[in-house]
Amino acid sequence: MSYRVGIDIGGTFTDFALLKNDEVILFKNLSTPQDRSIGVMNGLAKLAEMEGLSSGDFLARCEAIVHGTTVADNTLIEMNGAVTGLLTTEGFRDEIAIRRGFKESIWDVRTPPPPEITPRRRRLTVPERILFDGSIYQELDEEAVRAACHRFAKQGVESVAISLLFSFVNPAHEKRVAEIVAEELPGVEISMSHEVLPRAPEYDRTSTTVVNAYVAPRVFSYLEKLVERLKDGGYANSLMVMQASGGVMTKEYIENAPIRVLASGPAGGVIGSAHVGSAKGYPNLLCIDMGGTSYDISLVLDGVAPAESRWNLHHRYVVGIPMVKVETLGAGGGSICHVHNGMLQVGPSSAGSEPGPICYGRGGTKPTITDALVMLGILSADAEFAGGSFSLSSKGVPEAFKEIGDELGASPEEVAFDSWRVVNATMSQGVRRITAGKGVDPNELVMLAYGGNGPVFAAIQAEDLGIRRVLVPKASPTFSALGTLVANPTIEEERSYIVPVDQIDEDRLKTLWQALEERARDYFTRGNFPAAQVTAKYQVNIRYPGQNWPLTFEVNLVEGAFDTSFLDGSIRDKALELFNARHMHEYGHIREGEMPEMTGVRLVSYVETPSPMAGSGFTAARSKPEAASQRRANLGKGFQDVSIYRGADLTPGCEIAAPAIIEESFTTIVVYPGWKAVMDDAGDYELSPA
Amino acid sequence: MSYEMNRKLAAKRAPLPTSANVDPVTAGIIRGAMETICFESCEYLARAASSAIINQSNERNASIVDAHGRLAACSIGTPHLTFVSQMPVRYGLEMYKEFEWGPGDVFVGNDPDHGGGHLPDYVVYGPVFDESGELIYISALQAHQGDTGGKDPGGFTLEATDIFTEGLAIPCLKLVHRGQKRMDSIRLLERNNRFPSFHGDLAAMIGGVQLAQRLMGDLLKKWGPDKVKAAINTNIDQTERLFRQEVSRWKDGSYEADVYIDHDTQGTKDILVHVTCTIKGDQLTVDLTGTDDRPELIGVWNTFGNTRSYIMTQVASSIDPVIDKNEGLFNAVEMIIPEGSIVQPPPNKPAALGSFHPACEVTEAVCVALSQVVPERSTFQGYKMGMPNAVIGFENGQMWMDQGVDVRVMDASAVQDIDGWGGMCAALGNLLLSQAEDAESRFPVINLQRQMVTDKGGAGQWRGMPGTLNVKKVLKPCTAMTWMVSREHPLTGLRGGEDACRYENRYLVGTEDEFEVERSALVQLPAGAVMAYQNGGGSGFGPATQRDPQAVREDVLDELVSIEAARDHYGVVFTGTVEDYDLAVDVAATEALRKDMARQLENA
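Read top to bottom, the protein sequences are chains A and B. Under numbering that gives the first Met the number 0, the first residue of the first sequence carries the number 0, and numbering increases by one thereafter. Under numbering that gives the first Met the number 0, the first residue of the second sequence carries the number 0, and numbering increases by one thereafter.
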């Protein structure tokens, strides 16, 4: 028996998904914030025990341990990364501070500046200049690099970002600067922009490189420690790490650009969703994850969670590497309901988990969405909450809503109901903005809801968005861990090549792709993935001149090898034809008489690894179970008697009619009037209009 | 096309007729849905357009105007564009019958004498009707076009004395009739534009409006027309009420400000914008009486629509940012804009440059006046740069133009408690400035420098961000064009803060023929010529000698402020050096110097 283990570390829980043959076992234990690798090892020991093995035996039988980490995210939240220096081309010291002029709020003149990773004293420049075609306009002044290093040394710089103009076309100067920095400042981490994000324009690349440099030492030391503990424990293979792009890769590869792990946790959740959705025959999903502080929205199209490398803003910094797009709204169970300027508002401030909503009984005094749900009878003080770890209490809740109601001239129940409506609308509009950005109509999607509060709102939002099917998988509390198991080892890289499509030089194209193949082959080989198992997608970025964002599409797919023999002289025509089709599909027109330009080539290569089977189907005989109890609740149509079911009592085939509430250990599923819920063969819920 | 027309277009409009009522929460939900539609159509435009100014610089905006021509909702974009968007639509509404409005129609307008901002700002709009055929609301999309078919590429002609020099003026032209594109109209517009990419930009604007029309139709079906109308009325009323609530907390009185523009494009000097902001109870009146009206001025005529919009941009930045931006703001502010002055010119005046100046000086004057009552939200929401250095050349019969909307720090000013930061004011925060790596891949130019220069920001208790020096070399012979202002009259400091530094622009740098552009330039540059544009930076807020000496120390370490300026402007004395990072405030010397400076100030 061999095992694969997926691990996802969250703020409160560390989740495990263990795959043995076709079976998947899910498990949670508490995180250990001081040294998170301890929580990982504790959990692994628990899994070993469950399998009746010693830890050593268990780890020795693990074929792969796949890990999603929030260490980069935490570094940015806490702003406690490395003392970072930035070296740029002379004359371009301040791009990172100017941010292309961008400010987050056009109406609020009191928005503070972002916290600085590289204050100006640690942004130094060196005389040198490379032009757009890669030619050298001004030689590198090596003495100036050494002088800058001395200034960094005096400031205790631990990590250096190097971002020179047009380095993505010709990296010679960046490489030489890195050599000198390594000589002058032995032991500092070095991030080169042409490696971290090899594309224009300079602000996006510089910002990404600076964030990479800032998080690198913490990510490295964390992964080192974990690898060491696993090795000591008996694990013999490479540690695989989840990337924000939705693929996993070896620790050795991640070390090129540790920023790739930023936001990888939510990406894992989306990958897990895609897997479950596909197994049930729903390849197009709207995934919503509503927890205590936020509402995360993402899309799965054709069974794939698309990664984007545009302006991903994280903690007020642009991060241009490919990321599974997860949009976050500040609407969660802890969002505070309050009156501002005579209007009822929900959020953006949150009571978090400590003290949390009033109904947690931990000293919270401000009414939240969770409290509103208690007022509406959707959550109950009688039921267990958060897996039975504590119970809710309505003490102080009506009084808090009364206070707001007095200000607005409404009853406490009305305020709670309006809060529920406001948060619903905020979420629906957030969804619409995202589907619009993709040119997708929400009513073509199936909603997959998870998180403690996702299934509470799912069906009512689905109705609002014209969606006719909602999935609530039982495994959803550990989706991110499951996602790391499902994700394939993937390398996704690009190189810049700016040229009109009718002037593409195929030889140059071949050289660029072969260099990317070489890198990928090398890392896969070192991770013990034979090249014969690789699937390679050859992609190009093409746009009309002047367009900000190119369209990315595949020109060839090869299974089982890297192979550029498809370059047979026809690439110009093929690229043009594919581009026209894509542009027509995305924007509804093409520009006659304008020649599009290629901006770069990409290679996405991956190896398929075993995934857990996800269950589906409705073969179990239908039954209409008895409700465990009744309660007064307002499910959008006024207070009425609502049937309450315990999730643990339900079996495949159970059909629940509205109005009803199903209390699961980690979530609450509301069957709104006009809907019904059915449990499928896998024990997952599917909601649809009755 | 007259003052009477302006009065008609600006007149306060009645609520939409409906007997329905909606509660404020429902009204808010419908507003959110309308904003999302605006966002979606803007997104469509940004993704599909090809000209850099639309998709690179994001100079675009979407709004929804109701059947009475009131601003009902708006999205991302810039406030300067948002607040003028209802005016050209109102002209179209005036001609409802004559122009045969109907479902599926899409129109365009850009004429300053018919509500427009300036010619490059095309407003493309399309009405949405309910099932009974009643017009409910109109989707409007604005974007800055790279050319307008006038004498000079880009639409900016320094010596223009009439609008016709600047290009094709369109009061209202139908582009789509009942869902069918009118290719005769579209070809006419394409023919009057130098850029081949205009074809795609126009298609993108039409597509964006049509998308919004479809979504706005869905919204009507979902809520019913009466609820939507009632929601628009409720939202507009609510904004007016909340705005007036804020104003009623401001101190009653009349607050005046004078702001000067160095000169017009032909050298007539010291052009005045005068404002009196009067607060009485909950009524704010912005009166521009006293503003320059010399008929001989060239190039400094701001359109009526833009004057209203630029006043509102500054006013809207002075209130609680959560108040919705809609017609309620205009209902709450009385504007007195003298006819025949540079802020409401006679018909047929050129308009392109006036949308920079005096438009921005209107904003600045309102800012200075209001800083006396609402200092915590007063900071300038405009730009003091005249015109960037645009360079234009021809290659293989095709024109290329680098408009010079480059990354820079300009006028990023302080506000009480917060130093100036970023590149520009908040209101322009959506405009993404052009990057060297994009520009140089397309145009024969090299950007040699664009970083901040020590001491080029206004000192203050909270300081302005220092302006950048933008140095550019052209690699091929070309025409360069610019207009300099704020070289003599820089951006005003607030509440005792120092003014920003002066703009300075030099051509043919490093050659025997090097010169400073004092007024304007339209010159042929040889290959290899270098231009250097020093931007003004932000102004300061509050007296510099009240700045925390430790904050000054940080600024000196960051080379934003020199040791000399720390002493002369801030009264802060240090021991140690910047080079060794051991700089320390000499507390005794600083106290003594600051006392001395206070005495000198008193004596003066």
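Yeah, the Cβ is synthetic: ideal placement off N, Cα and C, and Gly gets one too.
Once you ignore the five residues that flank residue i on each side, which residues in its own chain have a CB closer than 7 Å to its CB?
{"i": "Thr-618 (chain A)", "result": "Asp-680"}
{"i": "Ser-610 (chain A)", "result": "His-274, Leu-484 and Val-485"}
{"i": "Ala-350 (chain A)", "result": "Gly-333, Ile-335, Pro-356, Gly-363, Lys-365 and Thr-367"}
{"i": "Arg-243 (chain B)", "result": "Asp-281 and Ala-331"}
{"i": "Thr-117 (chain A)", "result": "Thr-83, Gly-84, Leu-85, Ile-95 and Val-209"}
{"i": "Ile-297 (chain B)", "result": "Glu-158, Thr-160, Asp-263, Thr-264 and Gln-265"}
{"i": "Gly-103 (chain B)", "result": "Val-175, Arg-177 and Gly-178"}
Residues of chain B with CB closer than 8 Å to the CB of residue i, please, in chain order.
{"i": "Gln-154 (chain A)", "result": "Tyr-580"}
{"i": "Tyr-202 (chain A)", "result": "Val-406 and Gln-434"}
{"i": "Val-708 (chain A)", "result": "Only positions 0 to 689 of chain A appear in this structure, which leaves residue 708 (chain A) out of reach."}
So which residues of chain A does residue i contact, with C-beta pairs closer than 7 Å?
{"i": "Asn-429 (chain B)", "result": "Ile-105"}
{"i": "Trp-420 (chain B)", "result": "Pro-112"}
Leaving out the 5 sequence neighbours to the left and right, which residues in its chain are closer than 8 Å to residue i when beta-carbon positions are compared?
{"i": "Ala-461 (chain A)", "result": "Met-446, Arg-467, Arg-468, Val-469 and Leu-686"}
{"i": "Val-554 (chain A)", "result": "Tyr-537, Gln-538, Val-539, Phe-565, Ile-570, Lys-573, Ala-574 and Leu-577"}
{"i": "Ala-380 (chain A)", "result": "Cys-358, Val-373, Ser-390, Leu-391, Ser-392 and Ser-393"}
{"i": "Ala-620 (chain A)", "result": "Gly-652"}
What in chain A is Cβ-close to residue i, meaning under 9 Å?
{"i": "Gln-549 (chain B)", "result": "Within chain A, no residue comes near Gln-549 (chain B); the closest Cβ sits about 14 Å away, beyond 9 Å."}
{"i": "Met-451 (chain B)", "result": "Arg-92, Asp-93, Ala-96, Ile-97 and Arg-119"}
{"i": "Pro-111 (chain B)", "result": "By Cβ distance, chain A contributes nothing, its closest Cβ being about 24 Å from Pro-111 (chain B), past 9 Å."}
Interface residues of chain B around residue i at Cβ under 9 Å?
{"i": "Arg-432 (chain A)", "result": "Thr-35, Phe-38, Glu-39 and Glu-42"}
{"i": "His-588 (chain A)", "result": "Ala-47, Gly-199, Ala-202, Ala-203 and Gly-206"}
So, for residue i: in the same chain, excluding its five sequence neighbours on each side, which residues have a beta-carbon less than 6 Å away from its beta-carbon?
{"i": "Val-345 (chain A)", "result": "Ser-334, Cys-336, Ser-418, Val-421 and Val-422"}
{"i": "Pro-112 (chain A)", "result": "none"}
{"i": "Ser-166 (chain A)", "result": "Glu-173, Ser-192 and His-193"}
{"i": "Pro-170 (chain A)", "result": "His-193"}
{"i": "Gln-364 (chain B)", "result": "The amino acid occupying residue 364 (chain B) in the given sequence is Ala; Gln does not appear at that position. Taken in chain order, the residues that qualify are Ala-256, Val-258, Val-272 and Val-274."}
{"i": "Ala-409 (chain A)", "result": "none"}
Along chain A, which residues have their Cβ under 8 Å away from the Cβ of residue i?
{"i": "Gly-381 (chain B)", "result": "Ordered by position in chain A, no residue passes the 8 Å Cβ test against Gly-381 (chain B), which lies about 12 Å from the chain."}
{"i": "Gly-31 (chain B)", "result": "Ala-424, Thr-425 and Gln-428"}
{"i": "Glu-558 (chain B)", "result": "Arg-119 and Arg-120"}
{"i": "Asp-315 (chain B)", "result": "Note that residue 315 (chain B) is Ala in the sequence shown, not Asp. In chain order: Trp-106."}
At a CB-CB cut-off below 7 Å, which residues of chain B make contact with residue i?
{"i": "Phe-165 (chain A)", "result": "Glu-436"}
Short-range partners of chain B found in the stretch 89-113 of chain A, where Cβ spacing is below 8 Å: Glu-89, Gly-90, Phe-91, Arg-92, Asp-93, Glu-94, Ala-96, Ile-97, Arg-98, Arg-99, Gly-100, Phe-101, Lys-102, Glu-103, Ser-104, Ile-105, Trp-106, Asp-107, Val-108, Arg-109, Thr-110, Pro-111 and Pro-112
Note down, in chain order, all residues in the stretch 649-682 of chain A with a beta-carbon under 9 Å from any beta-carbon belonging to chain B. none
Below 8 Å, can you find three or more Cβ-Cβ pairs linking the stretch 144-159 of chain B to the stretch 375-384 of chain B? no
List, from N- to C-terminal side, the beta strand (DSSP E) runs of 3 residues or more that fit wholly inside the stretch 227-315 of chain B. 252-262, 268-279 and 282-286
Anything in the stretch 516-529 of chain B with a Cβ closer than 9 Å to a Cβ of chain A? List those residues in chain order, please. none
If contact means a Cβ-Cβ distance below 8 Å, which residues of the stretch 182-214 of chain B contact chain A? Pro-195, Ser-196, His-198, Gly-199, Ala-202, Ala-203 and Gly-206
Residues, ordered as in the chain, of the stretch 339-365 of chain A that lie near chain B by beta-carbon distance below 8 Å: His-339, Asn-340, Gly-341, Met-342, Leu-343 and Gln-344
Members of the stretch 369-380 of chain A near chain B, C-beta cut-off 7 Å: none
Ranges of the beta strand (DSSP E) found wholly within the stretch 457-537 of chain A, counting only runs of at least 3: 469-471 and 489-499
Under 8 Å, CB to CB, which of the residues in the stretch 122-143 of chain A have a partner in chain B? Thr-124, Arg-128, Leu-130, Phe-131 and Tyr-136
Under 8 Å (Cβ pairs) to chain B, residues found in the stretch 538-551 of chain A: Tyr-543, Pro-544, Gly-545, Gln-546, Asn-547 and Trp-548
Continuous beta strand (DSSP E) assignments of at least 3 residues falling wholly in the stretch 413-450 of chain A: 445-449
Go through the stretch 161-203 of chain B residue by residue and report every complete run of the beta strand (DSSP E) that reaches 3 residues or more, in order. 172-176
Select from the stretch 259-282 of chain B all residues with a C-beta closer than 7 Å to any C-beta belonging to chain A, and list them in chain order. none
Pick out the complete alpha helix (DSSP H) segments inside the stretch 380-455 of chain B, 4 residues or longer, and give them in chain order. 435-441
For the stretch 532-599 of chain A, which segments carrying the alpha helix (DSSP H) assignment without a break, of at least 4 residues, lie completely within its bounds, in sequence order? 570-586
Do three or more CB pairs link the stretch 423-432 of chain B to the stretch 90-108 of chain A at distances below 8 Å? yes
If contact means a Cβ-Cβ distance below 8 Å, which residues of the stretch 388-420 of chain A contact chain B? Asp-417 and Arg-420
According to a CB-to-CB cut-off of less than 8 Å, which residues of the stretch 593-613 of chain A neighbour chain B? Glu-593
Any 3 or more C-beta pairs closer than 8 Å across the stretch 539-548 of chain B and the stretch 479-495 of chain B: yes
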